[in-house]
Amino acid sequence: MAWVFYTVAFLVALALSGSAVYALFWASKHGQLRDFERGAASIFDDQEPVGRMTDHFPARRRKP
Amino acid sequence: MASTPSLAASINPATLPDDVPRAELSAIDASTKWPVMLFLLSSLAWLLLGTVFALISSVKMHTPEFLGNYEWLTFGRARSAHLNAVIYGWSTNAAFAVAFWLMARLSRACLRHAGVLIAAACLWNLGVTIGIVGILAGDSTSIEWLEMPPYATPLLFVAYALVGAWAIITFRFRKAEHVYVSQWYLLAALFWFPWLYSIAQIMLIFEPARGTVQALVNWWFAHNVLGLWFTPIGLAAVYYFIPKVLGKPIHSYYLSALGFWSLAIFYNWAGVHHLIGGPVPAWVISAGIAASLMMVIPVVVTAVNHHLTMVGSFGALRYSPTLRFVVFGAVNYTLVSLTGSAMAIRSVNEITHFTHFTVGHAHQGMYAFFTMVMFGAIYYILPRLLLKEWPSAALIRTHFWCVAIGVTLYWVDLEIGGWIQGLQMNNPDLPFIEVVRNTIPYLFVRSAAGLLMTVGHLAFTVNVLWMLGARRPAGATAPTLFRPPPALQAAPVR
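Chains as they are written, first to last, in my numbering: chain A, 1 to 64; chain B, 1001 to 1494.
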């Protein structure tokens, strides 16, 4: 009975490794590994542009 | 705003990803609110419970008669309850919350099917609760990192299956052409974890393997939970928050791709370094040691990348809570990983194995790296979900300094004590009980460090509850709420 699990597990392990190889191939094919400058800046947009900090301590509660 | 998509439409291969509108950040954040809040509040509850068990276990090590009348709190049960509460309770719930929020933002589309995630949260936390109660009742499986009894774990599987399905659907309907490095790490982690957990459960508990193969599976699993589940999620957060807070892109995106793929190749092999010197084939151990040393590549690459991004902006640490926690975590990631690679070397392992050094190392990894990064992420995420500011800067500072000093004291103390313990254990002239007595001062210091960390956790909890209860300022809609201090408004970040 155990060998059933282990056979399935082995096949899934192969599939998982295969998917990793496929992921690298997919990334290369879809231009994910080109133009790194654009990739690095992809998390910025008009609302949160490059050059502006987006986190600060809350303002002091008592104003002078 | 598009109408809520149905689950059937999402699973249907014919549905085109173009049907999804690219959303504003404020809308995306709002769509993640209920699932992320549920996971975050659960994680906080587990953090507090895990801290209680931690203190109990720590005190019992140097003062064994502490709470000695209660059988359900014996050291074996309390320590296992602590481990499971902080790993599957605090860390995993926080990991889910941060992962979902990040995935929604990186996909540039509103979070779909929040109900699936809410169901997953309920099932996951129910499973962990039953598991920990089971451990305290004496039903522990006695396998490290898998102590939860078999009647609790199927709930975790179902919860995770829901999470996995959601992740695939979300990635499929993304609106961002570019897959940012954090997204790679998150998807990889979400793929790796169910594999690790299923194999470990099958080969250790449900259809156990023979003999020492169990030890191999156990440590392959436990170490990979660190390296292929928590590390990628922690790194995904660091790669997003450092540039986001600074308003500066990552220094070398090429290095981040290199770091990700080398981690994926090498990490899986390293787990057997927990069994160096054990009754396991020598070639397996050698492969594990080699992989542990090869891990220096992704670790150094990542460290260089983070450092070069921060260079010129270290002053920002004064102004941003998130940055403090995340940079502290990132620095400790580098240190703990390099320590880990060193510990895999046979001659070093001869000294550190079976000592408190390993415990110090584990806490530097899971707390000084992962937990601190999660704190940083929560400081960024919660205000954007609730559209309120953190009520108290003083509590944030208290939290930071207590846990930063506390955890550093913790791991430095145990690594020094553990090193000495190891050297003494290798000395045949010293009776074992002598060696044990010599560790006691270090254990007292560890309890003190733990108390300091507890104070930090309480400060954090008070701040969170206060923020939950506070009234939202009228007209608040934007994702970024804070007025930058005048000093920063004048000087642009380079």
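C-beta atoms are modelled at their ideal positions from N, C-alpha and C, and glycine is treated no differently.
Member of B:His1353, B:Thr1141, B:Gly1469 whose CA lies at the smallest distance from the CA of Lys961 (chain B): Beyond the ends of chain B as shown, which are 1001 and 1494, falls residue 961 (chain B); an answer cannot be given.
Leu16 (chain A): contacting residues in chain B (beta-carbon distance under 9 angstroms): Taking the first sequence and counting its residues from 1, the one referred to as residue 16 (chain A) is at position 16. Near Leu16 (chain A) (Cβ distances below 9 angstroms), the residues of chain B are Phe1191, Trp1192, Trp1195.
Validate contact between the region 1206-1219 of chain B and the region 1256-1267 of chain B using beta carbons, cut 8 angstroms, 3 pairs: no
Range covered by the alpha helix (DSSP H) that runs through Tyr945 (chain B): As shown, chain B starts at 1001 and ends at 1494. That puts residue 945 (chain B) outside it, with no answer to give.
Inter-residue Cα distance where the pair is Leu1465 (chain B) and Ala1045 (chain B): Stepping through the second sequence from its first residue, residue 1465 (chain B) is reached at position 465. Stepping through the second sequence from its first residue, residue 1045 (chain B) is reached at position 45. Approximately 12 angstroms between the Cα atoms of the pair.
Three-way DSSP call (helix, strand, coil) for Glu1415 (chain B) in this model: Here residue 1415 (chain B) is taken as the residue at index 415 of the second sequence, counted from 1. DSSP places Glu1415 (chain B) in helix when its eight states are reduced to three.
Endpoints, the alpha helix (DSSP H) within which Asn1069 (chain B) is located: In the second sequence, residue 1069 (chain B) corresponds to position 69, counting from 1. Careful: Asn1069 (chain B) lies outside any alpha helix (DSSP H) and carries neither H nor E.
Opening and closing residue of the alpha helix (DSSP H) in which Thr1051 (chain B) lies: One-based indexing of the second sequence puts residue 1051 (chain B) at position 51. It spans 1033-1062 - the alpha helix (DSSP H) in which Thr1051 (chain B) sits, taken as one unbroken run.
Partner residues on chain B for Phe57 (chain A), Cβ-Cβ distance less than 7 angstroms: Numbered from 1 along the first sequence, position 57 holds the residue referred to as residue 57 (chain A). Per Cβ cutoff of 7 angstroms: Tyr1319, Pro1321, Ala1393, Ile1396.
Where Ala1152 (chain B) falls: helix, strand or coil (DSSP): As a first step, residue 1152 (chain B) must be located in the second sequence, where it is residue number 152. Three-state DSSP puts Ala1152 (chain B) in coil, outside helix and strand.
Endpoints, alpha helix (DSSP H) assigned at Phe1357 (chain B): Counting from one through the second sequence, the residue named residue 1357 (chain B) turns up at place 357. Unbroken alpha helix (DSSP H) run through Phe1357 (chain B): 1356-1363.
Short CB-CB distance (under 8 angstroms) between Gly997 (chain B) and chain A: A question about residue 997 (chain B) goes unanswered here, because the residues of chain B that appear run from 1001 up to 1494.
Val1304 (chain B) at chain A interface by Cβ criterion, 8 angstroms: The residue you call residue 1304 (chain B) lines up with position 304 of the second sequence. No, its Cβ sits nowhere closer than 8 angstroms to a Cβ of chain A.
Under 8 angstroms between C-beta atoms of Gly43 (chain A) and Lys1175 (chain B): As a working mapping, residue 43 (chain A) is identified with position 43 in the first sequence. As a working mapping, residue 1175 (chain B) is identified with position 175 in the second sequence. Correcting the residue type first, residue 43 (chain A) is Ile in the shown sequence and not Gly. The answer is no: Cβ separation not under 8 angstroms.
CB contact flag (Phe1206 (chain B), Thr1322 (chain B), <8 angstroms): In the second sequence, counting from the first residue as 1, residue 1206 (chain B) sits at position 206. In the second sequence, counting from the first residue as 1, residue 1322 (chain B) sits at position 322. For Phe1206 (chain B) and Thr1322 (chain B), no; Cβs fall outside 8 angstroms.
Extent of the continuous alpha helix (DSSP H) to which Ser1182 (chain B) belongs: By one-based count along the second sequence, residue 1182 (chain B) stands at place 182. For Ser1182 (chain B), the uninterrupted alpha helix (DSSP H) run begins and ends at 1181-1201, by DSSP.
Residue range of the alpha helix (DSSP H) that includes Thr1129 (chain B): The count along the second sequence starts at 1 and reaches residue 1129 (chain B) at position 129. From DSSP, the alpha helix (DSSP H) with Thr1129 (chain B) extends over 1114-1137.
Cβ-Cβ distance between Gly1131 (chain B) and Asn1084 (chain B) below 8 angstroms: Along the second sequence, one-based indexing puts residue 1131 (chain B) at 131. Along the second sequence, one-based indexing puts residue 1084 (chain B) at 84. Contact flag set, yes.
Whole-Å CB distance - Tyr1239 (chain B) paired with Val1296 (chain B), under 8 angstroms assumed: Working through the second sequence from its first residue, we reach residue 1239 (chain B) at position 239. Working through the second sequence from its first residue, we reach residue 1296 (chain B) at position 296. 19 angstroms between Cβ atoms; not a contact.
Distance CB(Ala1237 (chain B))-CB(Val1036 (chain B)) smaller than 8 angstroms: Position 237 of the second sequence, counted from the start, is the residue given in the question as residue 1237 (chain B). Position 36 of the second sequence, counted from the start, is the residue given in the question as residue 1036 (chain B). No. Outside cutoff.
8 angstroms Cβ cutoff, Ile1202 (chain B) in contact with chain A: By one-based count along the second sequence, residue 1202 (chain B) stands at place 202. Answer yes: the Cβ-Cβ gap between Ile1202 (chain B) and chain A drops below 8 angstroms somewhere.
N- and C-terminal bounds of the alpha helix (DSSP H) containing His56 (chain A): Here residue 56 (chain A) refers to the residue found at position 56 when the first sequence is read from its first residue. Note, His56 (chain A): premise wrong, no alpha helix (DSSP H); not H, not E.
Cross-chain neighbours of Ile1233 (chain B) in chain A, by beta carbon under 9 angstroms: Mapped onto the second sequence, residue 1233 (chain B) falls at position 233. The premise fails here: Ile1233 (chain B) is roughly 17 angstroms from chain A at the closest Cβ pair, so nothing lies under 9 angstroms.
Cβ contact (3+ pairs, closer than 8 angstroms) linking the region 1107-1126 of chain B and the region 1038-1054 of chain B: yes
Minimum Cβ-Cβ distance from Phe36 (chain A) to chain B less than 8 angstroms: Taking the first sequence and counting its residues from 1, the one referred to as residue 36 (chain A) is at position 36. Cβ-Cβ to chain B under 8 angstroms: yes for Phe36 (chain A).
Pick from B:Ser1347, B:Thr1398, B:Val1284, B:Ala1109 that is closest to Arg1324 (chain B), judged by C-alpha positions: As a working note, residue 1324 (chain B) is residue 324 in the second sequence. When only C-alpha atoms are compared, the closest one is B:Thr1398.
Buried versus exposed, by CB contacts within 10 Å (16 or more), Val8 (chain A): Counting from 1 along the first sequence, the entry for residue 8 (chain A) is found at position 8. It counts as exposed.
Within-8 angstroms CB hit, Ile980 (chain B) to chain A: Within the shown structure, residues of chain B are numbered from 1001 to 1494, placing residue 980 (chain B) beyond reach of any answer.
Burial state of His1273 (chain B), where buried means 16 or more other Cβ atoms lie within 10 Å: By 1-based counting over the second sequence, the position of residue 1273 (chain B) is 273. Looking at its Cβ environment, which holds 16 or more other Cβ atoms inside 10 Å, His1273 (chain B) is buried.
CB contact flag (Met1203 (chain B), Val1225 (chain B), <8 angstroms): As a first step, residue 1203 (chain B) must be located in the second sequence, where it is residue number 203. As a first step, residue 1225 (chain B) must be located in the second sequence, where it is residue number 225. Their beta carbons are not under 8 angstroms apart, which means Met1203 (chain B) does not touch Val1225 (chain B) by this criterion.
DSSP-derived helix/strand/coil call for Pro1391 (chain B): Taking the first residue of the second sequence as position 1, residue 1391 (chain B) is located at position 391. Coil.
Supposed contact pair Leu1246 (chain B) and Ala1316 (chain B) - C-beta distance, whole angstroms, cut 8 angstroms: Position 316 of the second sequence, counting from 1, holds the residue named residue 1316 (chain B). Position 246 of the second sequence, counting from 1, holds the residue named residue 1246 (chain B). Distance from Ala1316 (chain B) to Leu1246 (chain B) at the Cβ level is roughly 6 angstroms; contact confirmed, criterion being Cβ atoms closer than 8 angstroms.
Chain-ordered chain B contacts of Ser28 (chain A) [CB-CB under 9 angstroms]: Here residue 28 (chain A) corresponds to residue number 28 of the first sequence, with the count starting at 1. The contacting residues do not exist; Ser28 (chain A) stays about 11 angstroms from chain B at best.
Identity of the residue in B:Val1158, B:Trp1166, B:Asn1125, B:Met1310 nearest Ser1006 (chain B) by Cα: The residue given as residue 1006 (chain B) occupies position 6 in the second sequence. Here the closest residue by C-alpha is B:Trp1166.
Neighbour flag for Val50 (chain A) against chain B, beta carbons, 8 angstroms: Residue 50 (chain A) sits at position 50 when you count from the first residue of the first sequence. Cβ-Cβ to chain B under 8 angstroms: yes for Val50 (chain A).
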